[in-house]
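Numbers given in my numbering equal positions in the sequence shown, counted from 1, plus 275.
Each residue gets a CB set at the ideal place from its N, CA and C atoms; glycine is no exception.
What you are looking at is a predicted structure, and each value in this text was computed from that prediction instead of being measured.
Scroll down for the structure; my scribbles are underneath it.
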Amino acid sequence: MTKNMTCIACPRGCLLTVTEENSNVTVKGNQCKKGISYGKQEILQPLRMLTTTVKTTHTVYPRVSVCLSKDIPLEDISKYLEVVNNITINENCIPGDILYKNILNKGVDLIATGEIKYDKK
């Protein structure tokens, strides 16, 4: 199988040609070593960083931005989104706070990248 792609491992944006034959992967078109790693990863098991927002009960800010603690397989994004879309935040959070631990029992946490402050009553 041969796949053409643009490398996003560094700012150069090299046009890669990645070929997989009998578990051998060759990468052409890269201008740095990062392109080799990126091309191999993309053809063997593409990973993505999931960033999104989750609901809050805050009256002014109905959503807060979040990301996962590590890259996940591209094929699993919908499974993670199904969990994340059912989370509602009802307390203060700052960037870096872990809002949900061990999603899908895969060792991946949901991390706040935005801030929500509730008024104390």
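Pick from N380, D394, M280, I369 that is closest to I318, judged by C-alpha positions:
Checking every option, the nearest Cα to that of I318 belongs to M280.
Who pairs with M280 in a beta bridge, going by DSSP?
Checking the DSSP bridge columns, you'll see M280 partnered with L291.
With K338 and T331 assumed to form a contact (beta carbons below 8 Å), what rounded beta-carbon distance in angstroms separates them?
The question names Lys, but residue 338 in the sequence shown is Arg. Right, the Cβ-Cβ distance comes to about 6 Å (below 8 Å), so this counts as a contact.
Given that a residue counts as buried once 16 or more other Cβ atoms are within 10 Å of its Cβ, and exposed if not, what is N305?
The residue is buried, with at least 16 neighbouring Cβ atoms inside 10 Å.
Name the residue from L349, N360, A387 whose alpha carbon lies nearest to the alpha carbon of N367.
Nearest Cα to N367 within the set L349, N360, A387: A387.
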